[in-house]
Every structure is written in C-alpha cells, then in structure tokens.
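Note sheet for the following structure.
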Amino acid sequence: MTASPVFAPFRAVASAVRLAFRNLLQDRLRFALSVVGVGLSLMLILFLIGLRAGALRSAVVYLDNAPGSVGVFPPGTKSTSAGSAQFLAPETASAVASTPGVARVTPILLTLGLADLHGKKEVIKLIGYDAALGGGPWSLKQGREPVADDEVVLDRVLAGRHGLRVGDTFEIGGRRPTIVGLSSETSSWTGSYVFALRTFVEAVVLAPGGASFLLVTPEPGTRISELSARLQTLEGANVVLKGEVMANDREAVAGIFDRVLLLMVGAAFIVGALVVGMVIYTATNERRAEYGILKAIGAPGGVLYRVVASQAVVAASIGAVLGVGFAYGMGWLVMAARPQFMVIIEPTSIAVALAAGFVMALAGALFPARAVARLEPAEVFRR
Amino acid sequence: MDNLGLQVERVTKRFGSGDTEVVAVRDVSLVVNPGEVVLIMGPSGSGKTTLLLMLGALLKPTEGSITLDGLELSAMSERKLPDVRLRHFGFIFQDFNLLSALNVLDNVAFPAELTGVSRRTAREKATAVLTELGLGHRLRFPPDKLSGGEKQRVAIARALINDPTLILADEPTANLDSSHGHETMRLLREITQKRSRSVVIVSHDARIKDIADRVLWLEDGQFMKAIEMATDPICGMAVEREGAVAGVREGETYYFCAKGCRDEFLAS
Ligand SMILES: Nc1ncnc2c1ncn2[C@@H]1O[C@H](COP(=O)(O)OP(=O)(O)OP(=O)(O)O)[C@@H](O)[C@H]1O
Ligand SMILES: [Mg+2]
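For the protein sequence lines, the chains are A and B, in the order given. Under my numbering, think of the first position of the first sequence as 1, with each following residue one higher. Under my numbering, think of the first position of the second sequence as 1001, with each following residue one higher.
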C-alpha cells in the first residue's frame, strides 16, 4: 500500500529535487550570485539577438511601408541594400507603367549619402520619391512632406541627436536642403532615412530621370505571377516580388551580423555555463561527504546525479527568468538612450534563451554531477 | 530458515599488489545472529573499518563470502547493491554525517523516500523513530542546532528508518563525551533488541563493552580471541566471562561482577 511501484521512481526524483532546493538555499549569497550570473549572460544573449532582430526589421521597414507588391530592379540586382550604382532608365518606367495589369508604378531613387550634420558626418539613406506616386515618409510627426527641391523630411531621432529642427538646414552631396518635416519609425544605426523629391536626389547622384527600382501596384484581380512574367519580358527589367526583396535585404544584414553575433552569443553562453558550473562545482565539492553518505545509505548514482543536476537547473531557470527581465530592461534603456538602436525581443528568442539556460545548467553541472555519481561510498569512512 | 543473520566466511581483503600489498583483513569468519550486538575492537590499522565496509557491501572482499539473511552480498552485482544497502543496512558514522540542508525530520525520512514510499508515510515513520529516540521535540531543527549526542541519535534514527537487518557503526562514540556515548549506545541496543535486529559496532571505546553481547578483538586483520560477555543476574552489570567470578546452578554457568553477587545468587 505504501510503496506503490508505479509512483516510486517519481517519488525518488521528487525527494532528490527537494534536497537540491534545500542545498541551494542553504547558501543564499552563492545562490543569488549564480542566478544573477546566469541572468546576465542570458540578458546579453537576448539583447544581442534582439539587436539583430531590430536591425533586420529596420532593413525592411521602408519597403514594408512602401506601396506595391512587385519590384522591378536593374539587371543583376535583387535587393535594395546592394546600394547599386545602376539605375533604371526612364523608358523602363514608362514601359512598366503601360504593361496591362499595372495600376501604379512608384519609382524610387535610393542612395546612401554622407550628411554633414553640424560638423558631424552621418551615413543616411536618401530616398527620392514622387509625391504623386507614393513612397515617401509613412509616419510624419512634424511639418510636411517636401514639395520642392532642397526640401527634405529627416528622421526624427537623427534630427533630435543633432539638435536639428524643422526650418534648419544641413549639407549633403554639396547641397544644402531645408528640413520641412520629421518622420518617425525611420531611424536605424545602419543609416536613418531622409526623404526628398526624386529630382533632388537625381541631382545628388547625377542620374537624371533614373530610378533605383520601381514598385508596382497591380490592378485588382491581376494574378501576380502573370504580371511578373509580363514585366520580365521588358528590356532591362529584373522582376522580383517585394516579399523576396525584403527577404534578400534581411539576409544581407544578417550576413554582416551573424558571424560576430554567433561569436558573442557563444561567449555569453560559455560564461553562463561556467558560472553555473563553478557554483555547482564548489557547492558539490563542499558536500562531498554528504553525497558519500547518501551513497552509503543506498542512494543510487542516478539520484545523486539528479540532486546535483537539479541544483543547476533550478539556478539556471530562475536565472533565465531574471535574464529575460534584464533583457527587456536593457532593451528599454538602450532604446531610450540611443533610439537609433532598435531592440526587438521576440517570443521565439525568449524560448531560445530559456532553452539556453537549461542547456547551460546541464553543461555546467555535467562534471560535478559525474564526479558525485562516481564517488566511492567507502570513502566516507576514511578521513 | 537457519541462515538468518550475518555469515562471514573466510573473508580476506588485500589492497595493492606486490611490494605494496597490504592484507587488511585476513581469513576472518564470523556469525552475527539476529538481535545480537557485536563489538569489534582493536588497535589502529588492524582492519576494523575494512571489515565493516565489507559487511556493509561497501567494499568487495578479495576472498571469502558474506551472506545476510541468505543473500550472498559478495556475489552481488554493483547495480543491485544500492537497493540492498538501502533496505538491509543501517549505517552510523563517527561524524554523524547528517545532511546539513535538511531538518532532523527530513534527514531521517530521506532514506525512506528513496525506497519509494510517499513523503507522508516517510515522515510519519521518521517521526515515530525519532520520538522513540527521544527527539520528538527536535523534528524541525537543523542539524547544526543539535548537540553531538542528539546528532548521533538522529543518525541512529536514519539508520533504523527502513528497518534494516543489520546496523553497522564505525566509531559511533568517538565524537561524544563518555556519558553521552554510552547512553546513546544503550539506546541503540534497546531499540534493536526490541526489533530483533543485529548490530556490529567498531570502536576503540572500551566503555561501551557492556552493551555488547560479544566483543571481538581484531589485530593485524585477524580475530585474536572472542571476549564473551555475560550479565550479572544480581546487579545487572555486563561482565567479561573470562576472568569473571563464575558460579554454577542447576548445571548452568553464571558470571558475576564480584563474589558478593555470586554468593547472593547462589543463596537465593
Ligand atoms: N583503500 C586502501 N588502500 C590501501 N590500503 C588500505 C586501504 N584501506 C585500508 N588500507 C590499509 O588496511 C589496513 C587496515 O585499515 P583500516 O582502516 O581497516 O584499519 P582500522 O582498524 O579501521 O584503523 P583505525 O582504528 O585507525 O580506524 C591499514 O594498514 C590501512 O593502511
Ligand atoms: Mg577505522
């Protein structure tokens, strides 16, 4: 009646975990240190992943808000981030516009530029658009859109950082436009957006009538695949769906990011595992005699393994939750202090962090737990 | 069954080999009957701990066999031993060796939980044993808040919780003052006799001789002579048969602490 064979293994596990808890809580300071250590390392991991997500997001934020679903690019180009020196000829634009099924063509002239903002140089993404065809700022916070050459809308965060306001001027490409509006959602540490009329940008890049790409809005009821096929036959046009362009843009940013990111995430992970490992190792070593006793009184190696591993898992789990909290806090702080950095903490990366905490715990506990499981119970009698 | 209790047959333990070989226990045989308390004494290095470890299945003999209640320990696989230790043996150590993170009750309940009984049952059993040992008022105490004697009684309770066949104790009184040591061992004897469980104690402490049914002297890995104990029927004192005052009544030999007791006994 008492020793139900079905529950017996679970009960042994439960008592192992309980002992682990008590062992951990006995030295509160060490427990707190291990939790904070894991928390900080997971925070770093989450923060880096969040920074990457933010960078990917800002890489496509413009296209995401621009009209159209099909892009037409110069041959050999299929992303905006290429910063290509090739332009589509004005004839291509008109040919696209007269293709059946096309409702609207939005020509965009995009170039990376170096703006001189009160003596400080900043890389910006200069967007040239036609007010009538769309592709301008989608979230204007102050002022108005440009109506004349030498008028621009500047990203609000960029303007704020340099103390620029509506009515101020700055230098770019040898010209001195006036700021007529400030836009939001357009900031990025890889280059914030500046919007101007296409004619202004044409003058800057010396490509009269050119466009970096065209965004095509199909007529309602048109099949995208058929439209793409028709456009593809046009001379000098490379047709790419807007979704694909965005994916390519994301990939280009990820390509720059991921190697460094992987290195840093890996380092943070190892640091976290080392913290868990060191804490569990010292805590375990201190109790060698106790673990020997447990073995002598008949605890199988597996139970000891579990006691040690659960200590690591408990410390790492609490550390992981703390780390998620830290990461949100850090993300918020960074975005408040440096709004050009976007940190996006997604549910999936939280899941990744929690899993990382778990693996960290197991990795950190591996050696101490193995040492304990191999402990000779006879050792307890000799000292 | 006639093979109840512990049977040790011609057990030898060697450590190392060649020039560095140590024969810690040499061709030792011993039988411990259910309910019997055996004290093994001997000089340092004589092999007492080694023998005890073999009795408790914590160390494999080089030669010979050890059988507990018909179960041959020396032939058992390593995988089965933890369970045997858990259910058939109770260990008491010199340093008490309680788990510092658990309170008194949980320390004692832990081995019961390992057998798979529910936590409640384990705690009930632990409470009962602790109360029997006079620790009913210390259940929630952490071990470091107990006196040495109390700690050793907790250790005894832990050794008894799974109602083992054999209790093994290595220098259980070494860290206690003499009165506490003696009192604790007397309590152990009382409880194990009530349950008809055997006890083997290894000790330097001659003052606990009187709680043993039998005292063995180990020297250089071998038993020298058996010191047989008897209880003076008049004053109740434990006496070594050899050298004690003896008297025969109705064909049976009795042993006394002094002539006075014998005379009183034979006169009655
Ligand atoms: N693991 C081992 N390896 C080698 N020699 C050992 C080992 N264990 C014990 N010995 C040797 O066996 C002999 C008996 O040791 P044991 O510990 O059994 O003696 P003891 O009677 O318990 O001594 P004490 O009273 O000091 O505790 C000693 O000479 C010891 O050095
Ligand atoms: Mg010894």
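Note that the Cβ used here is the ideal one computed from N, Cα and C, for glycine as well. As the structure is a prediction and not an experimental result, all values here were calculated from the model.
For ligand 1, residues qualifying as neighbours are B:Phe1015, B:Gly1016, B:Val1022, B:Ala1024, B:Gly1042, B:Ser1044, B:Gly1045, B:Ser1046, B:Gly1047, B:Lys1048, B:Thr1049 and B:Thr1050, where qualification means a beta carbon closer than 6 Å to at least one of its heavy atoms (chain order). Counting only unbroken stretches of 4 or more residues, the alpha helix (DSSP H) elements lying wholly within the region 59 to 97 of chain A are 90 to 97, in sequence order. Distances taken from the Cβ of Val1202 of chain B to the heavy atoms of ligand 2 include one shorter than 8 Å. Phe195 of chain A and Pro137 of chain A have their C-alpha atoms some 7 Å from each other. Per DSSP, Gln1094 of chain B lies in no alpha helix (DSSP H) segment and is marked neither H nor E. When the alpha-carbon of Ala1109 of chain B is set against those of B:Asp1163, B:Gln1193 and B:Pro1043, the nearest one is in B:Asp1163.
Per DSSP, Asn238 of chain A is one residue of the beta strand (DSSP E) stretching across Asn238 to Leu241. Interface flag for Leu1086 of chain B against chain A is set, since a Cβ pair is found closer than 9 Å. Closest by C-alpha distance to Ser1196 of chain B, out of B:Gly1070, B:Gly1181 and B:Leu1160, is B:Leu1160. Placement of the Cβ of Glu1250 of chain B at a distance of 8 Å or more from every heavy atom of ligand 2 is found.
Across the region 39 to 56 of chain A, no CB contact with chain B closer than 8 Å is found for any residue. Fewer than three Cβ pairs drawn from the region 1061 to 1075 of chain B and the region 1232 to 1240 of chain B lie within less than 8 Å of each other, which leaves the two stretches out of contact. Look at Pro368 of chain A: its C-beta is not under 9 Å from any C-beta on chain B. Ser192 of chain A carries a strand assignment under DSSP once its states are collapsed to helix, strand and coil.
Burial of Gln1094 of chain B is indicated by the presence of at least 16 other C-beta atoms within 10 angstroms of its C-beta. Contact between Leu25 of chain A and Phe31 of chain A holds: their C-beta atoms lie close to 6 Å from each other, under 8 Å. Using a CB distance cut-off of 9 Å, Gly298 of chain A counts as an interface residue toward chain B.
For Ala1101 of chain B, the residues of chain A that pass the 8 Å Cβ criterion are Leu19, Arg22, Asn23, Leu25 and Gln26, in the order they occur in the chain.
For Asp1106 of chain B, the distance from the CB to the nearest heavy atom of ligand 2 is not below 8 Å. For Val303 of chain A, the neighbours in chain B by C-beta distance under 8 Å run, in chain order, Leu1114.
Secondary structure remark: continuous alpha helix (DSSP H) runs of at least 4 residues inside the region 1098 to 1159 of chain B, in chain order: 1104 to 1114 and 1119 to 1132.
Bounds of the alpha helix (DSSP H) holding Val205 of chain A are Arg198 to Val205. By the C-beta criterion, the region 169 to 176 of chain A is judged to be in contact with the region 108 to 119 of chain A, since at least 3 inter-stretch pairs fall below 8 Å. Relative to ligand 2, Asp1170 of chain B has its C-beta within less than 8 Å of a heavy atom. The beta carbon of Leu294 of chain A falls within 9 Å of a beta carbon belonging to chain B, placing the residue at that interface.
Per the DSSP secondary-structure output, Lys1080 of chain B pairs with nothing in a beta bridge. No Cβ of chain B is located within less than 9 Å of the beta carbon of Ser188 of chain A.
Against chain A, a Cβ distance below 9 Å from Pro1143 of chain B picks out nothing, because the smallest value is about 11 Å. Within the region 142 to 196 of chain A, the runs of beta strand (DSSP E) that reach at least 3 residues and sit entirely inside it are, in chain order, 151 to 155 and 178 to 183. Residue pairing by DSSP leaves Met342 of chain A without any beta bridge partner.
Judged by DSSP in its simplified three-state form, Leu1006 of chain B adopts strand. Look at Arg1195 of chain B here: in three-state DSSP terms it is coil, with no helix or strand label. One finds Ile297 and Gly298 in chain A with Cβ atoms closer than 7 Å to the Cβ of Pro1111 of chain B, taken in chain order. Looking from the CA of Gly236 of chain A, the closest CA among A:Ser188, A:Ala93 and A:Ala365 belongs to A:Ala93. Residue environment for Asp155 of chain A: buried (at least 16 other C-beta atoms within 10 angstroms of its C-beta).
Gly135 of chain A and Leu214 of chain A have their C-alpha atoms roughly 10 Å apart.
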